[in-house]
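Engineer: Got a structure for you, written out below as structure tokens; questions coming shortly.
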Amino acid sequence: MNKVSIVWIRRDFRIQDNLALAAATENSDSVLLVFIVDPEQIETTASLNQSAFFASAKAFQANLEKENIHLLILKGTPESQFEKLTAALPEISDLYFNFDERGYGRQRDQQVAHHCQATLGLKTHAYIDYNLHSANEIKKADGAGYQIFTPYFKRWITLPKPTPVKVSVTSLQEKQMANIEPLHLHQEGLLTSLINEKHDKQLVGQVGEAKALQTLKDFIQSHLAEYDTQRDLPFLDATSHLSRYLRTGEIAIRTIYQAVINEPESEGQQTFIKELAWRDYYNMIYAMNPQQNTQSLRPEFQKIAWRNNHNDFLLWQTGQTGFPIVDAAMRQLNQTGWMHNRLRMIVASFLTKDLLIDWRWGEQYFHDQLLDYEPASNIGGWQWAASTGTDSVPYFRIFNPTRQSQKFDPDGQFIKQFVPELSQITNDKIHEPQLLTDLEQKEFQVTLDKDYPKPMVTHKQARLRAIEAYEQSKDTVK
């Protein structure tokens, strides 16, 4: 009896080093690749995040078509679409997919797998594909999960890492299911309709498996060896830019790890590998704490009296805070859909500590704007900055945005790129433009409160206000 399998594509838009696709191709007689768009998960007006996701899906479809491999696009809930497929093609016997370990994805995968097994009689095959180590793989001696990164990393670094898997394109071509067009299920043009036209220019040439692999190659050649010393300097743009491709599965984490570990040993290499461990760590934390997306993990900080001033939030969103490094970072995010990692920490600290605005507001804004939005790392990062998560920065250790600016963008190169109204300033007052004299404002062609705002808060006072709010929360919870 022939084994006829569906490969359910979700956020794994690549052919190579795809565990579910490799297993289905090797172990099946016929294979059908399926991508399902669930209307319940679609935004009315597509954010850049959503547009990028479906642009990646479209690039994957085009890549498959070049190899004469068909991707069936369906619209509806996964359960309803698998019912239609199995009714039209009763010979389908198996379902292969890469499993989500946390958040909405985990709940969806469990429900769909149960439905396909219990109602449709399919055998399901789920693979941990998105991380080097699964959420349940690294535990303490007593079987509990780690709360602190350092001991987690000490264990993580000792474990063997999975290697990339090869998918035989020839086998996939030979085994793909033929004659599915008469089913009239394919939604031609659906992916294009889900990409907001205003985002087209930003996404041209920026998606696809080949682009992801080239990005990895460029990073290794240009920045890996010095990653430890250059990664915190936004004006150098020396980070990998691979996060957006990991988010959509246009590149596999195994491929990245293997390419990096094959390079000569360096401090940069070891620092980058540690960042991959942070990715696994946050995946584990979110899987262990599914409420993390809405609830602070530290009970003593669940009663913080957030100010949540809407006008303050708008100034932060639009890069009009009067703190140049914060404003440059937010404008970079709004213009490009990406933000340097050091800057993510700075703007998150500023929002939660200087402005006392709930970290969930900032996390949601990042969700809408970031091309590389990934729930576990993003939520984990925001809770770290807000001092509400596991192994987070102490609540009293508050970033001084001016000092951060002076340290990581000393000459203001990054600031000048995204805050052009300050681009003529030639001295170190670019970090504190409110200190410019009238003569300097004339010389540097910037008028405070007209061309560029004065600081919306006094950091020293805001810091004390934040510490008081956190300590009051601790006292309340007691």
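Residue numbering for the sequence shown follows the numbering used here, beginning at -19 and increasing consecutively. Ideal Cβ placement from N, Cα and C applies to all residues, glycine included.
Taking only runs of the alpha helix (DSSP H) that begin and end inside the segment 249 to 280, which ones reach a length of at least 4 residues, in chain order?
Structural biologist: Runs of the alpha helix (DSSP H) inside the segment 249 to 280: none found.
Engineer: Can you tell me which residues form a DSSP beta bridge with W(-12)?
Structural biologist: V14, F77
Engineer: On the premise that M264 lies in contact with I118, defined as a C-beta separation below 8 Å, what is that separation, rounded to the nearest angstrom?
Structural biologist: The C-beta distance from I118 to M264 rounds to 7 Å, short enough to meet the 8 Å contact threshold.
Engineer: According to the Cβ coordinates, are N358 and F376 closer than 9 Å?
Structural biologist: no
Engineer: Could you give the first and the last residue of the continuous beta strand (DSSP E) run that contains T382?
Structural biologist: Taken as a continuous stretch (DSSP letters only), T382 belongs to no beta strand (DSSP E), being part of the alpha helix (DSSP H) at 381 to 388.
Engineer: How about S223 and H203: are their beta carbons less than 9 Å apart?
Structural biologist: No; because the gap between Cβ atoms is not below 9 Å, this pair is not in contact.
Engineer: Which residues bound the alpha helix (DSSP H) around I53?
Structural biologist: Looking at the DSSP string, I53 is not in any alpha helix (DSSP H); the run it does join, the beta strand (DSSP E), is 51 to 55.
Engineer: Taking the alpha carbon of V457 as the reference point, which residue from A4, Q425, F281, L295 has its own alpha carbon closest?
Structural biologist: F281
Engineer: DSSP has I72 in a bridge; who is on the other side?
Structural biologist: Answer is V(-16), bridged to I72.
Engineer: By how many angstroms is the C-alpha of L313 removed from the C-alpha of D74?
Structural biologist: Going by the C-alpha atoms only, they are around 42 Å apart.
Engineer: Would you report the Cα separation of M157 and A106, rounded to the nearest angstrom?
Structural biologist: 21 Å
Engineer: Judging by CA-CA distance, which residue of S276, H166, L44 is the nearest neighbour of D(-8)?
Structural biologist: Nearest in C-alpha terms to D(-8), of all of S276, H166, L44, is L44.
Engineer: With which residues is K103 paired in a DSSP beta bridge?
Structural biologist: D74
Engineer: Between which two residues does the alpha helix (DSSP H) carrying I359 extend?
Structural biologist: 355 to 365
Engineer: Going along the chain, which residues of its own chain have a beta-carbon closer than 7 Å to the beta-carbon of D212, five neighbours each way excluded?
Structural biologist: R322, F388
Engineer: Tell me the DSSP bridge mates of L428?
Structural biologist: Y432
Engineer: Got a sec, what are the start and stop residues for the alpha helix (DSSP H) R445 sits in?
Structural biologist: 439 to 457
Engineer: Rounded to whole angstroms, what's the CA-CA distance from D334 to K146? Just pull it up for me.
Structural biologist: Going from the Cα of D334 to the Cα of K146 covers about 49 Å.
Engineer: Let me check one thing: in DSSP terms, what residues is Q156 bridge-paired to?
Structural biologist: V11
Engineer: What is the DSSP secondary structure of W296, counted as helix, strand or coil?
Structural biologist: In this structure, W296 counts as helix in the three-state DSSP scheme.
Engineer: Between E81 and A115, how many whole angstroms is the CB-CB distance? I'm expecting something under 8 Å.
Structural biologist: 5 Å
Engineer: How is Y345 classed by DSSP in three states: helix, strand or coil?
Structural biologist: helix
Engineer: To test your reading of the DSSP string, which unbroken alpha helix (DSSP H) runs of 4 or more residues are found completely within the segment 220 to 244?
Structural biologist: 223 to 228, 233 to 241
Engineer: Thinking just about the alpha-carbon of each residue, which of G229, S246, R287, S31 is nearest to the one in N176?
Structural biologist: When only C-alpha atoms are compared, the closest one is S31.
Engineer: Enumerate in chain order the residues of its own chain whose CB-to-CB distance from A449 is below 7 Å, with the five nearest sequence positions on each side excluded.
Structural biologist: For A449, where only same-chain residues beyond five positions count, the Cβ hits under 7 Å are I284, A285, L336.
Engineer: Which word fits V184, buried or exposed, when buried means at least 16 other C-beta atoms lie within 10 angstroms of its C-beta?
Structural biologist: Per the 10 Å Cβ criterion, exposed.
Engineer: Do L65 and L54 have their CB atoms nearer than 9 Å?
Structural biologist: yes
Engineer: Only counting the same chain, and skipping five residues up and downstream in sequence, which positions put a Cβ closer than 6 Å to that of I405?
Structural biologist: F424
Engineer: In whole angstroms, give me the CA-to-CA distance for R88 and Y266.
Structural biologist: 16 Å
Engineer: Assuming L36 contacts S8 (C-beta within less than 8 Å), just tell me the rounded distance between them.
Structural biologist: According to the sequence as given, residue 36 is Ser; it is not Leu. With a Cβ gap of about 25 Å, S36 and S8 do not count as contacting.
Engineer: Between which two residues does the alpha helix (DSSP H) harbouring R311 extend?
Structural biologist: 304 to 316
Engineer: Would Y237 and L112 be called neighbours here (beta carbons separated by less than 9 Å)?
Structural biologist: yes
Engineer: For Q272 versus G369, is the C-beta distance shorter than 9 Å?
Structural biologist: yes
Engineer: May I have the straight-line CA-CA distance separating F79 from F379, to the nearest angstrom?
Structural biologist: 38 Å
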